[in-house]
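Protein chains: 2
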Amino acid sequence: MAVYTEVSDEDLIDFVGAYDIGDVVSFKGIAEGVENSNYLLQTTQGPYILTLYEKRVRATDLPYFLGFMEHLAAQGIACPTPLHDREGTALRELCGRPAAIITFLEGMWPRRIQPHHCAELGTALARLHIAGTTFDLHRKNDLSVEDWRPLYDSCVPGAHDVDPGLCAIVGPEIDYLEANWPTGLPSGVCHADLFPDNVFFLGDKLSGMIDFYFACNDFFAYDLGICLNAWCFERDGSFNVTKARLMLSNYRKVRAFSDAELRALPLLARGSAVRFLLTRLYDWLNHPEGALVKPKNPLEYLGILQFHQQVNSPTAYGLD
Amino acid sequence: MAVYTEVSDEDLIDFVGAYDIGDVVSFKGIAEGVENSNYLLQTTQGPYILTLYEKRVRATDLPYFLGFMEHLAAQGIACPTPLHDREGTALRELCGRPAAIITFLEGMWPRRIQPHHCAELGTALARLHIAGTTFDLHRKNDLSVEDWRPLYDSCVPGAHDVDPGLCAIVGPEIDYLEANWPTGLPSGVCHADLFPDNVFFLGDKLSGMIDFYFACNDFFAYDLGICLNAWCFERDGSFNVTKARLMLSNYRKVRAFSDAELRALPLLARGSAVRFLLTRLYDWLNHPEGALVKPKNPLEYLGILQFHQQVNSPTAYGLD
Numbered sequence: 001m002a003v004y005t006e007v008s009d010e011d012l013i014d015f016v017g018a019y020d021i022g023d024v025v026s027f028k029g030i031a032e033g034v035e036n037s038n039y040l041l042q043t044t045q046g047p048y049i050l051t052l053y054e055k056r057v058r059a060t061d062l063p064y065f066l067g068f069m070e071h072l073a074a075q076g077i078a079c080p081t082p083l084h085d086r087e088g089t090a091l092r093e094l095c096g097r098p099a100a101i102i103t104f105l106e107g108m109w110p111r112r113i114q115p116h117h118c119a120e121l122g123t124a125l126a127r128l129h130i131a132g133t134t135f136d137l138h139r140k141n142d143l144s145v146e147d148w149r150p151l152y153d154s155c156v157p158g159a160h161d162v163d164p165g166l167c168a169i170v171g172p173e174i175d176y177l178e179a180n181w182p183t184g185l186p187s188g189v190c191h192a193d194l195f196p197d198n199v200f201f202l203g204d205k206l207s208g209m210i211d212f213y214f215a216c217n218d219f220f221a222y223d224l225g226i227c228l229n230a231w232c233f234e235r236d237g238s239f240n241v242t243k244a245r246l247m248l249s250n251y252r253k254v255r256a257f258s259d260a261e262l263r264a265l266p267l268l269a270r271g272s273a274v275r276f277l278l279t280r281l282y283d284w285l286n287h288p289e290g291a292l293v294k295p296k297n298p299l300e301y302l303g304i305l306q307f308h309q310q311v312n313s314p315t316a317y318g319l320d
Numbered sequence: 321m322a323v324y325t326e327v328s329d330e331d332l333i334d335f336v337g338a339y340d341i342g343d344v345v346s347f348k349g350i351a352e353g354v355e356n357s358n359y360l361l362q363t364t365q366g367p368y369i370l371t372l373y374e375k376r377v378r379a380t381d382l383p384y385f386l387g388f389m390e391h392l393a394a395q396g397i398a399c400p401t402p403l404h405d406r407e408g409t410a411l412r413e414l415c416g417r418p419a420a421i422i423t424f425l426e427g428m429w430p431r432r433i434q435p436h437h438c439a440e441l442g443t444a445l446a447r448l449h450i451a452g453t454t455f456d457l458h459r460k461n462d463l464s465v466e467d468w469r470p471l472y473d474s475c476v477p478g479a480h481d482v483d484p485g486l487c488a489i490v491g492p493e494i495d496y497l498e499a500n501w502p503t504g505l506p507s508g509v510c511h512a513d514l515f516p517d518n519v520f521f522l523g524d525k526l527s528g529m530i531d532f533y534f535a536c537n538d539f540f541a542y543d544l545g546i547c548l549n550a551w552c553f554e555r556d557g558s559f560n561v562t563k564a565r566l567m568l569s570n571y572r573k574v575r576a577f578s579d580a581e582l583r584a585l586p587l588l589a590r591g592s593a594v595r596f597l598l599t600r601l602y603d604w605l606n607h608p609e610g611a612l613v614k615p616k617n618p619l620e621y622l623g624i625l626q627f628h629q630q631v632n633s634p635t636a637y638g639l640d
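Protein chains in written order, with our numbering: chain L, 1 to 320; chain C, 321 to 640.
Dropping the structure here:
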């Protein structure tokens, strides 16, 4: 839930006036998204999303994110795309912040994940990975294996209060991941944050993906590890192998796995668990008093990590 | 900013299915409104607002609030109205809470108040007061003069930390208001919370009023006192007499003031200042750690109270 920047009606009307999208008829802050300020903008031509990029998003990364959305849309992937103003500019400025108007994507994110959602997701993620292979820009994943130790070190002083056993698990795990992280796997542009609230459905059909503000170049199989963790664990922490099998088998129908990718999947899923455990732990320990965003529980990801630690082969994910 | 109740997509589709408004295509929490959970619901027939009434709103008051909105709309006052489902029911239940789907009102609330906004507001408020005279239900104002002392008493222990001089001003003021509160002034249904974020404009024209969840029967002039305080003070605390004159003079063109109302206006404006000072002070002292709503500064209303304390006649508000 987040609206960080209050936009005045006059500033808004000036801003919208640079586009050919009609007159503003409504403008409401959306209580979703953690990193940016998002508004639902209705004009006489329909609904749009206005996003102001707050300080957690690096302005120099925005051409990559917006460019990737445009690239995907041009390849037929359902996702929002930034509008261009009359001078052709997509990334502008409003209230002192980088800002863009984005097309409105129909659909709702699934609050209760069902197997068919995971099947649709697998197909969509594979298509996204293939569509990204012709995208020219490159952005390093700045939340990957070499970034975890400094993040972990900064959390150690407070980690014991969150869970007394946390450091004894996560410290050695980072050692292990650093020593065994794979190289040379198939890679390209990953969404890298494809949680259920970033995937919209209309009825049973996936209608699109949103929120490309963690997109980066990394192993495709790492992106799958993120999705395994975000979509295939139940609220009680148990792993749903039916969901995993549907996700992975539908993915591989569109983009085949290499043997090396398959073998690496358990380790990459562990890495993904550590990545979200650490950023949630950091936010948990550092969220300012009175902040409007409720931090997510890092311990959910401790359980996910421990599940993958005991996985020896991708058969545990329902694959043969 | 508030979304307190998370509605699942399945519950939503069941709920919307009871109405003849087409299929759901989008559903987003709105970061506005403090008391309730508000969602912007898009269906194949257009936009609507879905409201879940949270515990600060008494369920037994809802027929009054929703009935008043319907009554106003039937009288030609621009405001949202609750939809009726196929069985004719407007007030239903969702996720264990009273809930209603409300029509979508175009317009934006003015972030920077200008004199012409106040002129429009005066006209609209007078029309609202007149339209309410034929509304049959009655609801006592439960934040009026007799409710302030217990609220004040509960805040005294923490008030000094908010402002060391607060109690020395507010305590005697409540004594004074209790002793001098008028009786017998023209009364009827008041909005009682007509702040700028509850009044929408399209261009220069007022397009409607929202959020009737404090509506109650009270003196019409008290409602004007609330609007004077909410619309006619600048951010630096100074009183803008041009705005006040435009608001009041446009009001009286539609509904004439009695002499008694005019004389009582400074006192009623003081009372309104105390009412919002106290509820803000209470929320300031009692907002839970980690709450998603940022409490408003009570001291803004201390300055407003002190302004009205030195007013002797309504000429100070630009009236002759």
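Each residue gets a CB set at the ideal place from its N, CA and C atoms; glycine is no exception.
Beta-bridge partners of residue i, as assigned by DSSP
{"i": "Lys460/C", "result": "Asn537/C"}
{"i": "Cys510/C", "result": "Cys536/C"}
{"i": "Pro98/L", "result": "Glu93/L"}
{"i": "Ile369/C", "result": "Leu360/C and Ile422/C"}
{"i": "Gly208/L", "result": "Phe200/L"}
{"i": "Phe347/C", "result": "Leu361/C"}
{"i": "Met428/C", "result": "Phe521/C"}
{"i": "Pro63/L", "result": "Paired residue(s): none; Pro63/L is not in a bridge."}
{"i": "Pro402/C", "result": "Ile422/C"}
Residue i classed as buried or exposed, judged by whether at least 16 other C-beta atoms fall within 10 angstroms
{"i": "Ser258/L", "result": "exposed"}
{"i": "His191/L", "result": "buried"}
{"i": "Tyr312/L", "result": "At residue 312/L the sequence reads Asn, which differs from the Tyr that was named. Its Cβ having fewer than 16 others within 10 Å, Asn312/L is exposed."}
{"i": "Val594/C", "result": "buried"}
{"i": "Phe233/L", "result": "buried"}
{"i": "Asn198/L", "result": "buried"}
{"i": "Gln365/C", "result": "exposed"}
{"i": "Ser26/L", "result": "buried"}
{"i": "His160/L", "result": "exposed"}
{"i": "Pro110/L", "result": "buried"}
{"i": "Ser328/C", "result": "exposed"}
{"i": "Ala179/L", "result": "exposed"}
{"i": "Gly29/L", "result": "buried"}
{"i": "Glu120/L", "result": "buried"}
{"i": "Arg56/L", "result": "exposed"}
{"i": "Arg245/L", "result": "buried"}
{"i": "Ile420/C", "result": "The amino acid at residue 420/C is misidentified as Ile; the sequence shows Ala. When all chains shown are included, Ala420/C counts as buried."}
{"i": "Pro367/C", "result": "buried"}
{"i": "Val344/C", "result": "buried"}
{"i": "Asp211/L", "result": "buried"}
{"i": "Asn617/C", "result": "exposed"}
{"i": "Pro150/L", "result": "exposed"}
{"i": "Glu330/C", "result": "exposed"}
Candidates the options, of which the one nearest residue i by Cα
{"i": "Gln630/C", "options": "Gly491/C, Asn617/C, Leu601/C and Ala589/C", "result": "Ala589/C"}
{"i": "Thr5/L", "options": "Asp331/C, Ile341/C and Ala351/C", "result": "Ala351/C"}
{"i": "Pro502/C", "options": "Gly485/C, Tyr542/C, Tyr472/C and Lys525/C", "result": "Tyr542/C"}
{"i": "Trp604/C", "options": "Arg447/C, Cys438/C, Asp483/C and Ile341/C", "result": "Asp483/C"}
{"i": "Asn549/C", "options": "Phe540/C, Asn560/C and Phe539/C", "result": "Asn560/C"}
{"i": "Gly485/C", "options": "Gly623/C, Leu445/C and Ile530/C", "result": "Gly623/C"}
{"i": "Asp175/L", "options": "Leu12/L, Arg92/L, Tyr152/L and Asn286/L", "result": "Tyr152/L"}
{"i": "Pro314/L", "options": "Pro266/L, Tyr282/L and Leu128/L", "result": "Pro266/L"}
{"i": "Ala568/C", "options": "Glu581/C, Asn617/C and Asp331/C", "result": "The question names Ala, but residue 568/C is Leu in the sequence shown. Residue Glu581/C is the option with its Cα nearest to Leu568/C."}
{"i": "Asp136/L", "options": "Phe201/L, Pro98/L, Gly203/L and Cys216/L", "result": "Cys216/L"}
{"i": "Phe424/C", "options": "His628/C, Thr443/C, Leu514/C and Tyr359/C", "result": "Tyr359/C"}
{"i": "Leu505/C", "options": "Phe596/C, Leu392/C and Arg583/C", "result": "Arg583/C"}
{"i": "Arg572/C", "options": "Gly442/C, Thr562/C, Tyr621/C and Ser592/C", "result": "Gly442/C"}
{"i": "Leu625/C", "options": "Gly557/C, Phe385/C and Leu361/C", "result": "Gly557/C"}
{"i": "Gly528/C", "options": "Ile369/C, Asp381/C and Glu426/C", "result": "Glu426/C"}
{"i": "Leu224/L", "options": "Ser272/L, Gly22/L and Leu52/L", "result": "Ser272/L"}
Residue i: CB within 6 Å of a non-hydrogen atom of the ligand NAP
{"i": "Pro586/C", "result": "As for the ligand NAP, it is missing from this structure, which has no ligand bound."}
Under 8 Å: do the segment 393-410 of chain C and the segment 458-475 of chain C share three or more Cβ pairs, one atom per stretch? no
With a threshold of 8 Å, are at least 3 pairs of Cβ atoms found where one atom belongs to the segment 168-181 of chain L and the other to the segment 111-121 of chain L? no
Inspect the CB distances between the segment 82-97 of chain L and the segment 5-25 of chain L and report whether three or more fall short of 8 Å. yes
What are the complete alpha helix (DSSP H) segments, minimum 4 residues, inside the segment 213-283 of chain L? 220-231 and 241-254
Runs of alpha helix (DSSP H) lying entirely within the segment 147-182 of chain L, each at least 4 residues, in chain order: 166-180
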